[in-house]
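Colleague:
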Amino acid sequence: MRFPRASGVLLHPTSLPGPHGSGDLGPAAHHFVDWLHGAGQSLWQMLPLGGIGPGNSPYMSSSAFAGNVLLVDLAELRQRGWLGHQAQDRPAAADPQRLDFATMVPFRMASLAEAAATFDRSASAADRADFDRFVAAQADWLADYALFMALSEAQAWADWPSWPAPLAQRQPEALVAARQQHRQRLQFWQFCQWCFFRQWAALHRHARAKGVAIIGDAPIFIAHHSAEVWARPELFELDAAGLPTFVAGVPPDYFSATGQRWGNPLYRWQAHADEGYAWWIRRLRHTLAMVDRVRIDHFRGFADYWAIPAEAATAVGGRWLAGPGQPLFDAISAALGALPLIAEDLGEPSAAARALLASSGFPGMAVLQFAFDADASAAYLPHNHSPHSVVYTGTHDNNTSVGWWADASDHARHHARAYLATDGHDIAWALLRAAAASVADTVVHPLQDILALPSQHRMNLPGSASGWWQWRFDWPQLHPWHGQRLLELTRLFGRLPRVSAPP
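Structural data, given as structure tokens:
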């Protein structure tokens, strides 16, 4: 699918300002949409919207379908009377510039528990009916998710294969008993998802009204400790005890000399093919009902994927195996129609991966920070970009552009100075301008680069297990001239929206 020439901003909702320890789906998100509109931006790209997993990563969610309950706007729950006005406004020691998971998560979960209990006691007939409709409409994933989360709590968040065998093996009698025993917690998790999806729908409507399309993010793999792996173990490469035999990752690369051992279980692709890729069709249908476009993370893994023995400590000892290839996307498009997908094809693609990208017709990605080193790919230089692609100065895995410049080699600096016609004093905006000028249909600017922030403001460091996903900004950092300058670049290079609403 080809997209119109457009410009947008990369920012995860957790990085928004707000009083409750983390950005969420509340007023700041709506205000950010207004800011995007005023700056001539027609795209807002986010990271995965599912729950966080090990290392607080949004790429290790406990469900491929559920929303992140930590993004629920608590102020809206208070307005509905489900949270007491005497409740504290923010978690203790909250830093507006940094997300402190240790204080934010308990605070938000306690607030959600209070709201759910109040709803259970005193919900209006209209709210109860809306809740019941949601539970029925989403039953194909919500029932397993709610039970999985309730059982995870009861088992102190131990990996599901270590649960009592009747529960780990999903014996019907045990599941019936568990649903009765944990009825209140099932309703709690259903309530949290109802709140998330209500608020998400309101934010998405506001974005559409302002002509801003949402780009979501779908990780290729999901966490082992997740509702879907527990519910459908036959679709994953697990042993008889439910443990992974091989796990996902990538070999040594730009980011790590020992590769990246992500730890997700691999798919049993033949089992998916045998059922016509029905699980993937459900997943993409659900995701595309939430967002306007979807970035598919690690697209190469559909052509060939790095399989690491589960017992290995690093990714070095893995091997490449063949993925499902084009038949997967043929099945999905046959069910869903033209797919507004973006393929994350960074790194060193194999011949099979290049062929899959070509046959799929999805736009790939280009990152300017990768363009200037001696061993860089010339394809990342703007004059070599494909019109059918998405260009970034950097992604969530990169350093900020100011941080990249500080660490760059002499060769990279010399090349960038000559290519960008800059002395480097305003390197972030020099790269933003080059990205905007590219022939690529789509450009997405990380907010950290718009703010010209140094390396301590990067979102993630691949291969590092903790200490990331914490960056936040505050409104005083975002001056009127940021929006005006971005608007001028967008106008100058023909990226202003031509329609009043996204496709």
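Our numbering numbers the first residue of the sequence shown as 611 and each following residue consecutively.
From the three backbone atoms N, C-alpha and C, an ideal C-beta is built for every residue, glycine too.
Tell me whether tryptophan 1081 is buried or exposed, calling it buried when 16 or more other Cβ atoms sit within 10 Å of its Cβ.
Modeller: For the purposes of this step, residue 1081 is taken as residue 471 along the sequence shown, with counting starting at 1. Buried, because 16 or more other Cβ atoms sit within 10 Å of the Cβ of tryptophan 1081.
Colleague: How long is the line joining the alpha carbons of glutamate 783 and leucine 777, rounded to whole angstroms?
Modeller: Position 173 of the sequence shown, counted from the first residue, corresponds to residue 783. Position 167 of the sequence shown, counted from the first residue, corresponds to residue 777. Distance between the alpha carbons of glutamate 783 and leucine 777 is about 9 Å.
Colleague: Keeping to the same chain, check which residues put their C-beta closer than 6 Å to that of leucine 1057; ignore five residues upstream and five downstream.
Modeller: As a working note, residue 1057 is residue 447 in the sequence shown. Excluding sequence neighbours, leucine 1057 sits near Val619 and Leu621.
Colleague: Return yes when the Cβ of glycine 826 is within less than 8 Å of the Cβ of methionine 900, no when it is not.
Modeller: Position 290 of the sequence shown, counted from the start, is the residue given in the question as residue 900. Position 216 of the sequence shown, counted from the start, is the residue given in the question as residue 826. Yes, these two residues count as a Cβ contact at 8 Å.
Colleague: Assign leucine 853 to buried or exposed, taking buried as 16 or more other Cβ atoms, counted over all protein chains shown, within 10 Å of its Cβ.
Modeller: Numbered from its first residue, the sequence shown carries residue 853 at position 243. Classification of leucine 853: exposed, given that the 10 Å Cβ count is below 16.
Colleague: As a quick exercise: from Ala925, Cys805, Asp914 and Glu958, pick the residue whose alpha carbon is nearest that of glycine 933.
Modeller: Residue numbering aside, residue 933 sits at position 323 when the sequence shown is read from its first letter. Ranking Ala925, Cys805, Asp914 and Glu958 by Cα distance to glycine 933 puts Asp914 first.
Colleague: Between the Cα of threonine 897 and those of Gly971, Ile824 and Ala720, spot the shortest distance and give me the residue it belongs to.
Modeller: Start at 1 with the first residue of the sequence shown, and residue 897 comes out as number 287. Nearest C-alpha to threonine 897: Ile824.
Colleague: If we call anything under 8 Å between Cβ atoms a contact, is proline 623 one with aspartate 634?
Modeller: Your numbering for residue 623 matches position 13 in the sequence shown. Your numbering for residue 634 matches position 24 in the sequence shown. Contact flag set, yes.
Colleague: If I measure Cβ to Cβ from histidine 1055 and keep anything under 6 Å in the same chain, skipping five residues before and after, which residues do I get?
Modeller: Within the sequence shown, residue 1055 is the residue found at index 445, counting from 1. Excluding residues within five positions, the ones whose Cβ falls inside 6 Å are Val619 and Leu1042.
Colleague: Taking the CB atoms as reference points, tell me whether tryptophan 692 and phenylalanine 744 lie closer together than 8 Å.
Modeller: Against the sequence shown, residue 692 aligns to sequence position 82. Against the sequence shown, residue 744 aligns to sequence position 134. Taking 8 Å as the Cβ cut-off, tryptophan 692 and phenylalanine 744 do not qualify as a contacting pair.
Colleague: Once you ignore the five residues that flank threonine 1132 on each side, which residues in its own chain have a CB closer than 7 Å to its CB?
Modeller: Residue numbering for the chain in the displayed model covers 611 to 1113; residue 1132 lies beyond these limits and cannot be assessed.
Colleague: When the Cα of phenylalanine 613 is compared with those of Ser672, Val1053 and Met1069, which residue comes out closest?
Modeller: The count along the sequence shown starts at 1 and reaches residue 613 at position 3. It is Val1053 whose Cα lies nearest to the Cα of phenylalanine 613.
Colleague: Going by DSSP, what residues sit across from methionine 975 in a beta bridge?
Modeller: If you number the sequence shown from 1, residue 975 lands on position 365. DSSP output for methionine 975 lists Val1000 as bridge partner(s).
Colleague: So for leucine 1088, helix, strand or coil by DSSP?
Modeller: Counted from its first residue, the sequence shown places residue 1088 at position 478. In the structure shown, leucine 1088 sits in coil (DSSP, three-state: anything other than H, G, I, E or B).
Colleague: Give me the Cα-Cα distance between aspartate 644 and tryptophan 1091, rounded to the nearest whole angstrom.
Modeller: Translated into positions along the sequence shown, residue 644 becomes position 34. Translated into positions along the sequence shown, residue 1091 becomes position 481. Roughly 15 Å between the two C-alpha positions.
Colleague: If you draw a straight line from the C-alpha of glutamine 797 to the C-alpha of proline 1064, how long is it?
Modeller: Within the sequence shown, residue 797 is the residue found at index 187, counting from 1. Within the sequence shown, residue 1064 is the residue found at index 454, counting from 1. Straight-line Cα distance between these residues: approximately 44 Å.
Colleague: Near methionine 714, what residues of its chain come up, given a Cβ to Cβ distance below 6 Å and the 5 sequence neighbours on each side ignored?
Modeller: Taking the first residue of the sequence shown as 1, we reach residue 714 at position 104. Only Gly631, Ser632 and Pro701 meet the Cβ criterion.
Colleague: Identify the continuous beta strand (DSSP E) that holds glycine 648 and give its terminal residues.
Modeller: Within the sequence shown, the letter at position 38 stands for residue 648. No beta strand (DSSP E) contains glycine 648, which is instead part of the alpha helix (DSSP H) from 637-648.
Colleague: Which residue from Ala739, Asp849 and Phe1083 puts its Cα closest to that of leucine 709?
Modeller: On the sequence shown, position 99 is the one that residue 709 refers to. That would be Phe1083, whose Cα lies nearest to the Cα of leucine 709.
Colleague: Quick check on alanine 594: does DSSP put it in helix, strand or coil?
Modeller: Because the chain here runs from 611 to 1113, residue 594 falls outside it and cannot be looked at.
Colleague: Examine the Cβ distances between the segment 973-987 and the segment 1016-1032 and report whether three or more of them are shorter than 8 Å.
Modeller: The segment 973-987, when compared against the segment 1016-1032, does touch it at the 8 Å Cβ threshold.
Colleague: Alpha carbon to alpha carbon, how far is glutamine 1066 from aspartate 683? Give it in angstroms, no decimals.
Modeller: Mapped onto the sequence shown, residue 683 falls at position 73. Mapped onto the sequence shown, residue 1066 falls at position 456. The straight-line gap from Cα to Cα measures roughly 27 Å.
Colleague: If the criterion is Cβ atoms closer than 8 Å, does the pair threonine 1003 and alanine 1050 meet it?
Modeller: Counting from 1 along the sequence shown, the entry for residue 1003 is found at position 393. Counting from 1 along the sequence shown, the entry for residue 1050 is found at position 440. No, the pair does not count as a contact, with Cβ atoms beyond the cut-off.
Colleague: One question on the structure: do tryptophan 799 and alanine 756 come within less than 8 Å of each other, judged by their Cβ atoms?
Modeller: One-based indexing of the sequence shown puts residue 799 at position 189. One-based indexing of the sequence shown puts residue 756 at position 146. In this structure, alanine 756 lies closer than 8 Å to tryptophan 799 by Cβ.
Colleague: So, using beta-carbon positions, are leucine 967 and glycine 957 closer together than 8 Å?
Modeller: The residue labelled residue 967 in the question sits at position 357 within the sequence shown. The residue labelled residue 957 in the question sits at position 347 within the sequence shown. Not in contact: leucine 967 and glycine 957 (Cβ atoms no closer than 8 Å).
Colleague: Label glutamate 838 either buried or exposed according to how many other C-beta atoms from any shown protein chain fall within 10 Å of its C-beta, with 16 as the threshold for buried.
Modeller: As a position in the sequence shown, residue 838 is number 228, starting the count at 1. Buried, by the Cβ-count rule.
Colleague: By DSSP, does aspartate 914 sit in helix, in strand, or in coil?
Modeller: In the sequence shown, residue 914 corresponds to position 304, counting from 1. If DSSP states are grouped into helix, strand and coil, aspartate 914 belongs with the strands.
Colleague: Could you tell me the boundaries of the beta strand (DSSP E) in which tryptophan 872 lies?
Modeller: Start at 1 with the first residue of the sequence shown, and residue 872 comes out as number 262. Tryptophan 872 -> beta strand (DSSP E) spans 870-875.
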